[in-house]
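First to last, the protein sequences are chains F and U.
All residue numbers for the first sequence refer to this note's numbering, where the first residue is 115 and numbers rise by one.
All residue numbers for the second sequence refer to this note's numbering, where the first residue is 93 and numbers rise by one.
Idealized CB from N, CA, C, for every residue including glycine.
All values derive from a computational prediction rather than experimental measurement.
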Amino acid sequence: MSRLLEVNDLKVSFRTYGGEIQAVRGVSFYIDEGETLAIVGESGCGKSVTAQAVMGMVPVPHGKVKNGQILFGDRDITKLSKKKLQQIRGSEIGMIFQDPMTSLNPTMKIGTQIREGILKHQKLSKNEAKEKALELLRLVGISDVEKRYSQYPHEFSGGMRQRVVIAIALACDPKLIIADEPTTALDVTIQAQILDLLKDIQKKRNSSIILITHDLGVVAEVADRVAVMYAGVVVESGTVDEIFENPKHPYTLGLLKSVPNLDSPDKERLIPIDGSPPDLFAPPTGCPFAARCPFAMEVCVMHMPDKETFSDHHYAKCWLNDNRAIKVEEMITAGSEQLV
Amino acid sequence: MSENVLEIHDVKKHFNVGNKQVVKSVDGISFSIKKGETLGIVGESGSGKSTIGRTIVGLYEATAGKVVFEGKEISQLDRKEKREFNRKMQMIFQDPHASLNPRMRVGEIIAEGIDAYGLAKGKAKQERVFQLLERVGLHPDHATRFPHEFSGGQRQRIGIARALAVQPSFIVADEPISALDVSIQAQVVNLLEDLQKEEDLTYLFIAHDLAMVKHISDRIGVMYLGKMMELAESQTLFQEPLHPYTNALLSAIPVSAPKLRGTRERIVLGGDPPSPINPPSGCPFRTRCPSTMERCAVVMPEWKEVKKDHWVACHLY
Ligand SMILES: Nc1ncnc2c1ncn2[C@@H]1O[C@H](COP(=O)(O)OP(=O)(O)OP(=O)(O)O)[C@@H](O)[C@H]1O
Ligand SMILES: Nc1ncnc2c1ncn2[C@@H]1O[C@H](COP(=O)(O)OP(=O)(O)O)[C@@H](O)[C@H]1O
Ligand code: SF4
Ligand code: SF4
Ligand SMILES: [Mg+2]
Ligand SMILES: [Mg+2]
C-alpha cells in the first residue's frame with residue numbers, strides 16, 4: 115500500500131481571552147491508500163482540530179498551525195495557498211461532519227447543492243453534472259432520486275441528510291475522506307447504514323478514510339488502524355486488533371474497560387477512569403494522563419514519556435513501557451531475592 | 093414477589109401542533125415497575141421516550157390512561173398527596189448544562205428541594221448538602237461554586253445530588269449519560285447503581301445506548317413511534333428478541349471487539365421512520381418491517397404477554 119497522508123509533529127494553538135489553548139501538541143500519524151484510520155479520544159482532546167488542520171481549515175485569526183508538516187502526496191498542506199487548498203478540498207479530500215445541517219445550505223435544493231459541488235471541480239455541462247448528482251444520490255441509498263433532487267434539506271430526515279453530505283463529499287472521487295463523528299447524531303439503525311455505506315464506497319473506490327469518533331464500537335466495526343488521542347497528543351496507535359487485544363497505554367485500557375461488553379453474558383461492574391482530562395490552557399509537562407492514571411509514577415509527572423514501539427504499527431507513550439522501568443522492576447525483584 | 097411501585101395503563105400523550113394537527117408522542121402504553129427494579133426504555137429519536145418519562149413524573153398531564161404510583165392514581169391525588177408524590181418521584185435530565193440554574197450556587201441548587209419540603213434547616217441542612225455532595229463524589233467545598241465551573245460529568249453529579257436531596261423513592265433518568273464522555277459515563281452509571289442499592293431506589297432509565305441500557309436494566313422496553321413494541325427481561329430481550337423491530341435494532345449495534353466483526357447478521361431496515369404526525373395505519377412499524385403482512389396495515393397488533401414476563405405487540409405472535 116502506498117502512503118497517502120503523513121502528519122508529523124503537528125501543533126495547533128488558539129488565542130482566547132483566557133490565554134493560549136494548545137489544542138494539538140505534537141501529533142503524528144499516517145494513512146495509506148484504501149485504509150481506515152480511526153482517531154478516538156474524549157471531547158476536547160483535539161480530534162476535530164487535527165482534522166481541520168489536515169483540511170487546511172484551522173479557523174483564522176485565532177487558530178494557528180504552530181509546527182509540523184502535513185504531507186499529502188508531495189505537497190505540504192500547511193504551506194499551500196488558500197486557492198490551492200480550496201482546490202484540494204472537495205476534489206481530493208472530502209469532508210463529512212457530525213451535524214449534516216452545518217454542511218448543507220437550508221435555502222438551496224439538495225440537487226443544486228450537489229451539482230454545484232461537482233461543477234466547482236469538474237468540467238462538465240449542467241446536464242452531465244445533474245446526471246452525476248443523481249447517480250451519487252442513488253449510490254448513497256436514496257430512493258426516488260428524481261423527486262428528492264428538487265427537495266430542500268428540511269424535507270429530509272437526519273440520516274438522509276447525512277447521506278446527502280456523504281454524496282457531496284464523494285462528488286469528485288476524493289482519495290481521502292475525513293469523517294468527523296459522522297454518526298454521532300444518528301440512531302443506531304441509521305448509523306449502521308451509514309457505516310456500511312462508507313465501507314462499501316471505500317471498497318469500490320479504494321479511498322482512505324479518517325474516521326473521528328468517540329464510540330469504540332464504531333472503531334471495532336470499521337477501523338484498520340487506530341490513533342488514541344489524549345489532551346492534544348496521540349498516546350497510542352496500532353492496528354485495531356493490537357489496540358483492542360493488547361493495549362499498552364493505561365488510558366486505552368481504561369477506555370476499553372469503561373464500556374459494557376454486550377458480548378459477555380455476565381454483568382460486570384464497569385471500571386471508570388477517575389477524574390477528568392487536563393486543562394489545555396496549561397497542559398501538564400509530563401504525561402498528560404498522570405492525574406488520572408492508576409499506575410502513575412514520579413517520573414510521569416515530570417517528563418513526557420517517549421514513544422515505545424511494539425510492532426510495525428504499534429506504539430505507545432507511557433513510562434510503563436520504558437525499558438528503564440523494567441530495570442527498576444528487576445532491581446526490586448533482585449533486591450527481594452537478596453532479602454530472602 | 094415484590095409489589096409494583098408504578099403501573100401505567102394505556103397512557104397517551106398527544107400534542108396539538110397547530111393546523112389541527114396532533115402528534116401522538118405516546119399512544120397507549122402500559123407497563124409496571126417493581127420496587128427496587130430498573131426498567132430501561134430504548135427506541136430511536138422521537139419515539140416518545142422522554143414524553144413517557146415526563147408524563148410519569150407529572151411534568152405532562154396524560155391525554156388519556158392512568159398513571160398509578162404506590163397504588164394511587166396520580167390524577168386523583170389531593171394536594172397533600174400530590175406534594176408527597178412530587179417529592180418521591182424525581183427526574184434526572186440529559187443535558188447537565190441546561191438543567192442547572194447558572195445563577196445559583198451548587199449548594200443552593202441542592203438545598204432548594206430540602207427547603208421546599210422543609211426536610212432540614214440551618215446547620216442540619218448545611219450538613220445534609222455537604223453529605224450529598226460527598227455521596228455523589230464531589231467535595232463539600234464545591235457548594236459555594238457555580239455550575240459553569242464544573243465539567244459535564246460533575247454537573248450530572250450535581251443533578252443527581254439535587255434529585256437525592258428530597259429522599260425520593262423513584263427516579264426517572266432521561267439519557268443521564270448521553271452527553272458525557274465514555275470514560276465519565278462509567279463513573280455516573282456506577283454511582284447510579286450504588287445509590288440504587290443503598291437508598292432502595294427504583295429507576296426508569298431512558299437511553300439510546302443499548303449496551304449501557306442492558307448493563308443497567310433488569311427489564312427493557314422498546315418503543316417505536318409512540319408505542320411499546322416489546323418488553324422483557326434484559327437477557328431475554330437480547331438473546332431471544334421477538335419483535336421484528338427489536339431484531340433490527342439489536343442487529344445494528346456495533347460489535348464490541350474487532351475479532352467479532354461480521355458475526356452479527358445485520359438486518360437492514362429500508363426507509364426512514366415515518367412522521368409521528370402522520371403515522372401509518374395499523375402497526376406503526378409496517379412501512380419498514382421485513383415480515384409485514386396484509387393484516388398489519390389494518391389493525392394495530394394487541395399488547396400481549398406471549399411468554400411469562402415477555403410482552404410484544406406484533407401480529408406474528
Ligand atoms: N411539547 C411538545 N410539543 C409538541 N410535540 C412534542 C412535544 N414534546 C415532544 N413532542 C414530539 O413527540 C415525539 C416524541 O418526542 P420525545 O421527546 O418523547 O422523543 P424521544 O424518544 O425522547 O427522542 P430523543 O431520543 O430524540 O430524545 C416527537 O415527534 C416530538 O417532536
Ligand atoms: N475555534 C476555536 N477557538 C478556541 N478554541 C478552540 C477552537 N476549536 C477548538 N478549540 C479548543 O481546542 C481543543 C480541542 O478541540 P477539538 O479538536 O474540537 O476537540 P474534539 O477532540 O472534541 O474534536 C479544545 O480545548 C477546544 O476547546
Ligand atoms: S506515563 Fe505514567 S502516568 Fe502516564 S500513562 Fe504511563 S504510567 Fe500512567
Ligand atoms: S405487526 Fe406486522 S408490520 Fe408490525 S412488526 Fe409485526 S409483522 Fe411487522
Ligand atoms: Mg470534535
Ligand atoms: Mg428524549
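Spatial neighbours of residue 201(F) in its own chain (CB-CB distance under 8 Å, excluding positions within 5 residues in sequence) are listed in chain order as 235.
One thing to note: residue 328(F) has its Cβ within 7 Å of the Cβ of residue 274(U).
The Cβ-Cβ distance between residue 385(F) and residue 153(F) does not fall below 7 Å.
With a threshold of 7 Å between beta carbons, residue 248(U) makes no contact with chain F.
The Cβ-Cβ distance between residue 258(U) and residue 171(U) does not fall below 7 Å. For residue 270(U), there are no neighbours in chain F by C-beta distance under 9 Å, as the nearest C-beta there is about 10 Å away. With a cutoff of 6 Å, residue 128(F) does not count as near ligand 4, since its C-beta is closer than that to no heavy atom of the ligand. Close CB contacts of residue 262(F) within its chain, under the 7 Å cut and outside five residues either way in sequence, are with 224, 251, 256 (chain order).
Here the alpha carbons of residue 404(F) and residue 350(F) stand approximately 15 Å from one another. In this chain, residue 219(U) is not harboured by any beta strand (DSSP E); it is covered by the alpha helix (DSSP H) spanning 214–227.
Secondary structure note for residue 282(U): its alpha helix (DSSP H) is the uninterrupted segment 274–291. Per DSSP, the beta bridge partners of residue 106(U) are 116(U). As the crow flies, the alpha-carbon of residue 394(F) is around 24 Å from that of residue 229(U). Ranked by Cα distance from residue 393(U), the options 250(U), 96(U), 121(U), 272(U) are led by 121(U).
Cβ-Cβ distances below 8 Å link residue 354(F) to 152, 333, 334, 337, 338, 339, 340 in the same chain, with the five nearest sequence neighbours on each side left out; the list follows chain order. Burial check for residue 426(F): the Cβ neighbour count within 10 Å stays below 16, so the residue is exposed. Residue contact with chain U for residue 156(F): present (Cβ-Cβ distance below 7 Å to some residue of chain U).
Partner residues in a beta bridge of residue 355(F), as assigned by DSSP, do not exist.
A Cβ-Cβ distance of about 5 Å is found for the pair residue 155(U) and residue 106(U), placing them in contact under the 8 Å criterion.
For the 7 Å CB-CB criterion, residue 336(U) and residue 383(U) form a contact. Only residues of its own chain outside the window of five on either side were considered, and among them 273 have a CB closer than 6 Å to the CB of residue 304(F), listed in chain order. Here residue 347(U) carries a coil assignment [DSSP, helix/strand/coil].
At a cut-off of 6 Å, the beta-carbon of residue 119(F) does not count as near ligand 3: no heavy atom of the ligand is closer than that. For residue 161(F), the distance from the CB to the nearest heavy atom of ligand 5 is below 6 Å. Assigned with DSSP and collapsed to three states, residue 118(F) falls in strand. Pairing residue 180(F) with residue 127(F) gives a Cβ-Cβ distance under 7 Å. In chain order, the residues with a C-beta atom nearer than 5 Å to some heavy atom of ligand 3 are 364(F), 401(F), 403(F), 404(F), 407(F), 409(F), 410(F), 414(F), 419(F), 432(F), 433(F), 434(F). Across the stretch 362–375 of chain F, CB contacts with chain U closer than 7 Å involve 368, 369, 372, 373, 374, 375, in sequence order along the chain. The contact set of residue 387(F) on chain U, defined by CB atoms closer than 7 Å, consists of 275 in chain order.
Close to residue 353(U), with beta-carbon spacing below 8 Å, are these residues of chain F in chain order: 334, 335. Chain U has a Cβ within less than 7 Å of the Cβ of residue 354(F).
Sorted by chain position, residues whose beta-carbon lies closer than 7 Å to a non-hydrogen atom of ligand 6 are 141(U), 142(U), 186(U), 266(U), 267(U), 298(U). If you compare the alpha carbons of 330(F), 421(F), 212(F), 297(F) with that of residue 162(F), the shortest gap goes to 212(F).
Sequence-distant partners of residue 118(F) (beyond 5 residues in either direction) whose C-beta falls short of 7 Å from its own C-beta, in its chain, are 145, 146, 147, 289, 290, 322.
The three-state secondary structure of residue 279(F), taken from DSSP, is helix. Checking the DSSP bridge columns, you'll see residue 182(U) partnered with 263(U).
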